[in-house]
Amino acid sequence: MGSRPGNAYQKSTFDLMISELDRANGIITEFLSLAQTKRTELKSQNLNDILNNLYPLLQADTFTQNKQICFIPGEIPYLELNVNEITQLVLNLTRNGLEAMPERGCLNVKSYVEDITVVLEIADEGCGIPPENLRLIGTPFFTTKDSGTGLGLATCYNIAESHNAKIDIDSSSMSIVNVDS
Ligand SMILES: Nc1ncnc2c1ncn2[C@@H]1O[C@H](COP(=O)(O)OP(=O)(O)OP(=O)(O)O)[C@@H](O)[C@H]1O
Ligand SMILES: [Mg+2]
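With the working numbering as the guide, the letters of the sequence shown map in order to residues 1068 to 1248.
As structure tokens, this is what we get:
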């Protein structure tokens, strides 16, 4: 409708409608993925390969925001993973880290082995999470952002559970989100 000549004067309204529909679609898709009961299909693979594939995308996001990102892959064993879900988890956590940081801040992504656990550590130099908000983290629709939906971390907790992994949040002077598997 927006491309019809007679409607040209309303083009910006149509564009807005489309972008809002896309946003609503994104929210619904993410919400439905939280409720999915089907078993996650896991395959033996290396977490570093997933991170390496994602890195250019994360770098582009980071640089356009005038921030920095550093990825330090450690020597880790293969794990039973679902690529789509782990990609989503990494995107959600890194996006949160970037959103929390001012310009020139640095996001550190590391993988390593601690005791008998593989750790994915995502640390930002942002504002941190106030203690009163910590217990609400992961509750669907909890957000402190004007345009946030509050589904990012709830999705991460779901993905961690389906991978038998655990999410630790460490937020004091510096905010660190760890995913152990
Ligand atoms: N790295 C972080 N630093 C500071 N606060 C954070 C961080 N990660 C999450 N939070 C806090 O937790 C809240 C919930 O995060 P979550 O990712 O679930 O939702 P969101 O980022 O607000 O919205 P979206 O659904 O778009 O991800 C955020 O609004 C923010 O207050
Ligand atoms: Mg988020």
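By construction, the Cβ of each residue, glycine as well, lies at the ideal position given by its N, Cα and C atoms.
The model shown is predicted, which means the values in this text are computed figures rather than measured ones.
Check this for me: beta carbons of residue i and residue j, under 8 Å apart or not?
{"i": "P1207", "j": "G1217", "result": "yes"}
{"i": "V1176", "j": "I1196", "result": "no"}
{"i": "G1164", "j": "D1191", "result": "yes"}
{"i": "S1229", "j": "E1152", "result": "yes"}
{"i": "I1136", "j": "Q1126", "result": "yes"}
{"i": "P1140", "j": "S1111", "result": "no"}
{"i": "T1210", "j": "L1101", "result": "no"}
{"i": "N1120", "j": "I1143", "result": "no"}
{"i": "K1212", "j": "L1174", "result": "no"}
{"i": "E1108", "j": "N1159", "result": "no"}
{"i": "I1236", "j": "L1201", "result": "yes"}
{"i": "G1069", "j": "D1082", "result": "yes"}
Could you check if residue i is buried or exposed, using at least 16 other CB atoms within 10 Å of its CB as the buried criterion?
{"i": "S1242", "result": "In this prediction, S1242 scores a pLDDT of 46, lower than 50, which makes its location untrustworthy; no coordinate-derived value is stated."}
{"i": "V1185", "result": "buried"}
{"i": "G1073", "result": "exposed"}
{"i": "I1085", "result": "exposed"}
{"i": "A1075", "result": "exposed"}
{"i": "A1167", "result": "buried"}
{"i": "T1131", "result": "exposed"}
{"i": "I1234", "result": "buried"}
{"i": "T1096", "result": "exposed"}
{"i": "G1172", "result": "buried"}
Between which two residues does the beta strand (DSSP E) holding residue i run?
{"i": "E1147", "result": "1146-1148"}
Tell me the DSSP bridge mates of residue i?
{"i": "I1138", "result": "For the record, residue 1138 in the displayed sequence is Phe; it is not Ile. Paired residues: V1176."}
{"i": "Q1112", "result": "L1146"}
{"i": "K1212", "result": "Beta-bridge pairing links K1212 to no other residue."}
Can residue i be considered in contact with ligand 1, in the sense that its beta carbon sits closer than 7 Å to one or more heavy atoms?
{"i": "I1196", "result": "yes"}
{"i": "E1009", "result": "Residue 1009 falls outside the range modelled here, since the chain spans only 1068 to 1248, and no answer is possible."}
{"i": "D1213", "result": "no"}
{"i": "I1204", "result": "yes"}
{"i": "T1129", "result": "no"}
Following a CB-centred definition, is residue i positioned closer than 7 Å to any heavy atom of ligand 2?
{"i": "G1141", "result": "no"}
{"i": "R1162", "result": "yes"}
{"i": "N1159", "result": "yes"}
{"i": "G1219", "result": "yes"}
With 8 Å set as the bound, which would you pick, yes or no: does the beta-carbon of residue i sit closer than that to a beta-carbon of chain B?
{"i": "L1099", "result": "Structure shown: chain B not included; a single protein chain is present."}
How far does the alpha helix (DSSP H) with residue i in it extend, from its first residue to its last?
{"i": "I1085", "result": "1078-1102"}
{"i": "N1074", "result": "N1074 -> no alpha helix (DSSP H), and no H or E assigned at all."}
{"i": "C1223", "result": "1219-1229"}
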